[in-house]
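Novice: Numbering-wise, our numbering puts 61 at position 61 of the sequence shown, and it's gapless, one number per residue. Backbone N, C-alpha and C define an ideal beta-carbon position, used for all residues, glycine too. Below you'll find the structure I mean.
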Amino acid sequence: MKKLKPHDLLSKVSNIYVILGFVFIIGALALVATPIMPYIIYRINPAETTNEVEKISQPVANNEDVEADDTKTLPPLDTTLPEKPYVRLSKIGVDSPISTASEYTEALKQGTWLVSGYGTPENGISPIILAAHRFGYIYWDDATREKISFFNLPKTHEGDIINIIWNQRQYSYEIYHEEEGTQITDYSADLILYTCKYFNSPTRIFRYARLIAP
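Structure representation (structure tokens):
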């Protein structure tokens, strides 16, 4: 067997390291690009917002019967709170107005949509279902997107607190389950948040939460 000269051996080892380095760089770029790819697509083609609206508005519930609970104690009235309803997730900087309009397209432009036919914090019907854009509209700047959309909803986890301002009362809910899927699977929740995972995928990101007694 021919013995490699020191120069040839060094050159061969260097080539191996170059190849390994290139592979690692490509892998790292792929890991970084995967989560933000939908956002890049959105920037290139803002019309994808229409697809997101369609995915959000498609039914997530199977019309399962829910029971009214008239025994809930209302939180104290706080006149310093906004008169209009809001959902707040301080962990991810969300402070989003809630629209009860039946026209979801317009509601989603303003922030969060209260899915009609289900609960509100006051009426004792469970669950409350709130939906919002993940990516939103081209005219939203990053600050607006992070504040009124559910772009960062995947960063919330079990134990995180969600607050709903409703008629100047604050209702607090604690997340107890995280899920990805196409439909709601747990109707025992007091509050369910959801958004699209991608533009053209039926998969949604769900967060299930229970009311914390005032």
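Taking Asn163 as the reference, which of Glu83, Asp186 and Tyr173 has the closest Cα?
Specialist: Working through the sequence shown from its first residue, we reach residue 163 at position 163. Asn163 has its Cα closest to that of Tyr173, out of Glu83, Asp186 and Tyr173.
Novice: From the DSSP output, read off the bridge partner residues of Ser172.
Specialist: As a working mapping, residue 172 is identified with position 172 in the sequence shown. Ser172 pairs with Asn163.
Novice: Tell me, which residues are paired with Pro82 by DSSP?
Specialist: The sequence position of residue 82 within the sequence shown is 82, counting from 1. Per DSSP, none; premise fails for Pro82.
Novice: In chain order, what residues of the same chain lie with their CB nearer than 6 Å to the CB of Thr195, ignoring the 5 residues before and after it?
Specialist: As a working mapping, residue 195 is identified with position 195 in the sequence shown. Within the same chain, Thr195 has close Cβ partners Ala132, Arg134, Phe150, Leu153 and Ile205.
Novice: What do you reckon, are the CB atoms on Asp78 and Gln170 nearer than 8 Å?
Specialist: Looking up residue 78 in the sequence shown gives position 78. Looking up residue 170 in the sequence shown gives position 170. Yes, Cβ-Cβ distance for Asp78 and Gln170 is below 8 Å.
Novice: So, is Ser116 buried or exposed, given that buried needs 16 or more other C-beta atoms within 10 angstroms?
Specialist: Sequence index remark: in the sequence shown, residue 116 carries index 116 (1-based). That one is exposed.
Novice: Could you give the residue range of the beta strand (DSSP E) that holds Ala131?
Specialist: As a first step, residue 131 is located in the sequence shown; it is residue number 131 there, counting from the start. That run of the beta strand (DSSP E) goes Ile128 to Ala132.
Novice: Alpha carbon to alpha carbon, how far is Glu83 from Trp166?
Specialist: The count along the sequence shown starts at 1 and reaches residue 83 at position 83. The count along the sequence shown starts at 1 and reaches residue 166 at position 166. Taking the straight line joining both Cα atoms gives about 7 Å.
Novice: Quick one: Cα of Ile148 to Cα of Phe199, how far?
Specialist: Here residue 148 is taken as the residue at index 148 of the sequence shown, counted from 1. Here residue 199 is taken as the residue at index 199 of the sequence shown, counted from 1. Cα to Cα, Ile148 sits roughly 18 Å from Phe199.
Novice: So, with DSSP's three-state summary, where would you put Ser90?
Specialist: The residue labelled residue 90 in the question sits at position 90 within the sequence shown. The answer is helix: DSSP assigns Ser90 an H, G or I state.
Novice: On the three-state DSSP scale, how would you describe Thr195?
Specialist: Against the sequence shown, residue 195 aligns to sequence position 195. In the structure shown, Thr195 sits in a strand (DSSP, three-state: E or B).
Novice: Residues in its own chain within less than 6 Å of His177 by CB, not counting five upstream and five downstream?
Specialist: Walking along the sequence shown from the start, residue 177 turns up at place 177. The answer, listed in chain order, is Tyr208.
Novice: With Leu211 as the anchor, note down where its beta strand (DSSP E) starts and where it stops.
Specialist: Translated into positions along the sequence shown, residue 211 becomes position 211. Arg204 to Leu211 is the extent of the beta strand (DSSP E) around Leu211.
Novice: Just to confirm my understanding: we take Leu193, look at its own chain, exclude 5 residues before and 5 after, and list those with CB closer than 6 Å. What are they?
Specialist: Looking up residue 193 in the sequence shown gives position 193. Answer for Leu193: Leu130 and Arg207, listed in chain order.
Novice: Just to confirm the assignment, what range does the alpha helix (DSSP H) spanning Leu108 have?
Specialist: Against the sequence shown, residue 108 aligns to sequence position 108. First-last of the alpha helix (DSSP H) with Leu108: Tyr104 to Gln110.
Novice: By a C-beta neighbour count over all protein chains shown, 10 Å radius and 16 as the cutoff for buried, is Asp228 buried or exposed?
Specialist: With the chain covering only 1 through 214, there is no way to say anything about residue 228.
Novice: Check whether the Cβ atoms of Ile128 and Gly111 lie closer than 8 Å to each other.
Specialist: Position 128 of the sequence shown, counted from the start, is the residue given in the question as residue 128. Position 111 of the sequence shown, counted from the start, is the residue given in the question as residue 111. Contact flag unset, no.
Novice: Pull up the DSSP beta-bridge partners for Ser96, would you.
Specialist: The sequence position of residue 96 within the sequence shown is 96, counting from 1. In the DSSP output, where bridge partners are listed per residue, Ser96 has Val87.
Novice: For Glu122, does the three-state DSSP call read helix, strand or coil?
Specialist: Translated into positions along the sequence shown, residue 122 becomes position 122. Here Glu122 sits in coil by DSSP.
Novice: Have a look at Val87 and Trp113 and give me their C-alpha separation to the nearest angstrom.
Specialist: Here residue 87 is taken as the residue at index 87 of the sequence shown, counted from 1. Here residue 113 is taken as the residue at index 113 of the sequence shown, counted from 1. If you take the alpha carbons of Val87 and Trp113, they lie about 10 Å apart.
Novice: Output yes or no for whether 8 Å exceeds the beta carbon distance between Thr156 and Ile175.
Specialist: The residue given as residue 156 occupies position 156 in the sequence shown. The residue given as residue 175 occupies position 175 in the sequence shown. For Thr156 and Ile175, yes; Cβs fall inside 8 Å.
Novice: DSSP three-state call for Glu158: helix, strand or coil?
Specialist: Against the sequence shown, residue 158 aligns to sequence position 158. In this structure, Glu158 counts as coil in the three-state DSSP scheme.
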